[in-house]
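If you're matching positions, the sequence shown starts at 3 in my numbering and goes up one per residue. Here the structure is laid out as structure tokens; the discussion comes afterwards.
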Amino acid sequence: MLGLGIATVYLSLLVLLPLAAVAAKAVTPRFWDEVTSPAARSALELTLGASLVVTAINVVFGTVVAWVLVRDEFPGKRVLNAVVDLPFALPTVVAGLILLGLYGPTGPLGIDVAYTRVAVGLALLFVTLPFVVRAVQPVLAALDREAEDAAQTLGASGWQTFRRVVLPALRPAIVSGAALGFARAVGEFGSIVLISGNIPLKTQVASVLVFGQIESDDVHSAAAVSVVLLLLALLVLLFLRGLNWRHSRHGA
3 MLGLGIATVY LSLLVLLPLA AVAAKAVTPR FWDEVTSPAA RSALELTLGA
53 SLVVTAINVV FGTVVAWVLV RDEFPGKRVL NAVVDLPFAL PTVVAGLILL
103 GLYGPTGPLG IDVAYTRVAV GLALLFVTLP FVVRAVQPVL AALDREAEDA
153 AQTLGASGWQ TFRRVVLPAL RPAIVSGAAL GFARAVGEFG SIVLISGNIP
203 LKTQVASVLV FGQIESDDVH SAAAVSVVLL LLALLVLLFL RGLNWRHSRH
253 GA
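Here it is, written out as structure tokens:
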């Protein structure tokens, strides 16, 4: 009971009280007007849409990367394994500078997507990829290979074995990694602010909009947009957690 009390107080101080303070700032007679303004609506739609798309991409390719790191042997494997953690180590503004230098007008690849929605997606992919990889990798490494061998002995193809034997075991880890990556994408600021150009109604995401509103001393509008963003993110995270709960209940 003592541990529960300490945990409750700790979470209240660090999470619940700040959220309550933001909500109190947001509740004004102009709340609805502030969150449905063209700039706010565009920023929220872009943030949520890009975060969902990036999460879906990372679920697929993050799982593939984890599979390669666990199941395959090749030269440079340790280097690749370390590179996966690079987005964790880099300050997000530095990541934005790197992406702008690579995919900007003077980039060495000849690909200029700076100040577009594609740039927003690339930035989010860069900073969220490790979440799925690192969630899936240890679970995959701990899997018992005997069930896979048995399935293949009974005539299952490689894809059938993965879909019916491996994937169900990995699903909770994939969903957890997806939830963490989505949460990071929704709140990302540093890697986006440079390469997106912060163009209202086009490439401006919610976090950058909120920052601009605070700089303009429009605290109530910033709080209103933040509350809506929190609610949308919470709904998606609860949905993902629900998937895990249904899977665990079905498995039980």
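Glycine included, C-beta positions come from ideal geometry on N, C-alpha and C.
Could you have a look at residue i and say whether DSSP puts it in helix, strand or coil?
i	result
glutamate 217	helix
serine 53	helix
phenylalanine 90	helix
phenylalanine 164	helix
leucine 111	coil
leucine 242	helix
valine 29	coil
aspartate 35	helix
proline 77	coil
leucine 101	helix
isoleucine 201	coil
serine 44	helix
glycine 106	coil
valine 95	helix
alanine 116	coil
alanine 226	helix
serine 193	helix
Rank the options by C-alpha distance to the C-alpha of residue i and give the top, closest one.
i	options	result
threonine 57	Leu234, Arg186 and Leu46	Arg186
valine 265	Val95, Val67, Asp74 and Thr94	Since the first residue shown for the chain is 3 and the last is 254, residue 265 is missing from the structure and cannot be characterised.
proline 311	Gly106, Leu196 and Val141	In this structure the chain extends from 3 to 254, so residue 311 is not present and cannot be described.
isoleucine 194	Gly183, Ala181, Leu203 and Ala208	Ala208
arginine 43	Arg248, Ser223, Leu245 and Gly244	Ser223
leucine 102	Phe128, Gly183, Ala45 and Leu242	Phe128
alanine 232	Val81, Ala25, Leu124 and Arg80	A quick correction: the sequence has leucine, not alanine, at residue 232. When only C-alpha atoms are compared, the closest one is Ala25.
phenylalanine 133	Ile8, Val177, Ile113 and Asp220	Val177
aspartate 35	Leu239, Trp247, Ser218 and Val230	Val230
alanine 144	Ala152, Leu172, Arg165 and Ser159	Leu172
alanine 152	Val167, Gln139 and Val138	Val167
alanine 97	Ser198, Glu217, Ser228 and Asn83	Ser198
valine 238	Gly214, Ala28 and Leu54	Leu54
Is it buried or exposed, residue i, if we count other Cβ atoms within 10 angstroms and call 16 or more buried?
i	result
glutamine 162	exposed
proline 20	exposed
glutamate 190	buried
alanine 235	buried
threonine 130	buried
serine 159	exposed
threonine 65	buried
valine 188	buried
glycine 112	exposed
leucine 196	buried
threonine 49	buried
alanine 254	The predicted model places alanine 254 with a pLDDT of 48, which falls under 50 and marks its position as unreliable; any figure quoted below should be read in that light. Alanine 254 should be labelled exposed.
Can you name the start and end residues of the alpha helix (DSSP H) that residue i belongs to?
i	result
glutamine 139	119–144
aspartate 151	148–155
leucine 172	169–189
Can a CB atom of chain D be found closer than 8 Å to the CB of residue i?
i	result
leucine 237	No chain D is present in this structure, which holds just one protein chain.
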